[in-house]
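Encoded as structure tokens, the structure appears first; notes follow it.
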Amino acid sequence: MPENPDDDPFHDCELGPDAVLGTRTFEDALFTDETETPVNVLTGETPAHSQATVEEAKAFAASIDTDTPQIALPASVETQVETQSKPYTSAAFFHFKATESLERHRAYHAAYDSDAFTVDFEADYASGDLTITVERVEEA
Numbered sequence: 053m054p055e056n057p058d059d060d061p062f063h064d065c066e067l068g069p070d071a072v073l074g075t076r077t078f079e080d081a082l083f084t085d086e087t088e089t090p091v092n093v094l095t096g097e098t099p100a101h102s103q104a105t106v107e108e109a110k111a112f113a114a115s116i117d118t119d120t121p122q123i124a125l126p127a128s129v130e131t132q133v134e135t136q137s138k139p140y141t142s143a144a145f146f147h148f149k150a151t152e153s154l155e156r157h158r159a160y161h162a163a164y165d166s167d168a169f170t171v172d173f174e175a176d177y178a179s180g181d182l183t184i185t186v187e188r189v190e191e192a
């Protein structure tokens, strides 16, 4: 553990690096063609605002102007109805909705922002699975 908390990328995290080291797959975390959408009870049809493809969702996520890679997450049916929004939203690949906890989100974020770790991810929009790999950078 570094003597100076500013040297420890995890000093503000509930979890340490061991919680995120290695490869972990989060199942059904991403927007897919199977993402639930609302249905109009009178017509039996999905409203136009809730109709979308994976390609459209991926393009939307990629269009977000940020240094952190974005993924397309499913929006809840309630959100789609209340805001008449698309069935997807965009977020950082380590977002708590994808990684299943705020504590894990913070730990992945700390590792991503640190030069002491490499963080890679794979977004499989066919299955909806998000795989994140964190490794320590070897010092020469």
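This note's numbering numbers the first residue of the sequence shown as 53 and each following residue consecutively.
Note that beta-carbon positions come from the ideal geometry of N, C-alpha and C, so glycine has one too.
All of these numbers come straight from a predicted model, not from anything done at the bench.
Going by beta carbon distance, what residues of the same chain come within less than 6 Å of Ala71, once the five residues before and after it are set aside? Taken in chain order, the residues that qualify are Ala159.
Hey, Tyr177 and Ala124: beta-carbon distance below 9 Å or not? Taking 9 Å as the Cβ cut-off, Tyr177 and Ala124 qualify as a contacting pair.
Taking Pro126 as the reference, which of Asp181, Glu190, Val186, Thr185 has the closest Cα? In this structure, Asp181 is the residue among Asp181, Glu190, Val186, Thr185 with its C-alpha nearest to the C-alpha of Pro126.
Under DSSP, the beta strand (DSSP E) around Glu174 begins and ends at which residues? Under the DSSP assignment, Glu174 falls in the beta strand (DSSP E) whose first and last residues are 169 to 176.
Measure the beta-carbon distance from Val186 to Ala168 and round it to whole angstroms, keeping in mind my assumption that it falls under 8 Å. About 10 Å; that fails the 8 Å criterion.
Thr185: first and last residue of the uninterrupted beta strand (DSSP E) it sits in: Taken as a continuous stretch (DSSP letters only), the beta strand (DSSP E) holding Thr185 covers 181 to 188.
Going by DSSP in three states, Thr87 sits in which element: helix, strand or coil? Residue state, collapsed to three classes: coil.
Any idea what DSSP makes of Pro61, helix, strand or coil? Looking at Pro61 - three-state DSSP - the assignment turns out to be coil, as it is neither helix nor strand.
Would you report the Cα separation of His157 and Asp80, rounded to the nearest angstrom? A direct Cα-Cα distance of roughly 17 Å separates His157 from Asp80.
Assigned secondary structure, Ser142 (DSSP; H/G/I helix, E/B strand, else coil): In the three-state reduction of the DSSP assignment, Ser142 falls in the strand class, which pools E and B.
Applying the criterion that 16 or more other CB atoms from any shown protein chain within 10 Å of the CB defines a buried residue, is Thr141 buried or exposed? By the neighbour-count rule (16 or more Cβ atoms within 10 Å), Thr141 is buried.
Tell me whether Val171 is buried or exposed, calling it buried when 16 or more other Cβ atoms sit within 10 Å of its Cβ. Buried, by the Cβ-count rule.
With 16 as the cutoff for other CB atoms within 10 Å, does Ser102 come out buried or exposed? Flag for Ser102 reads buried.
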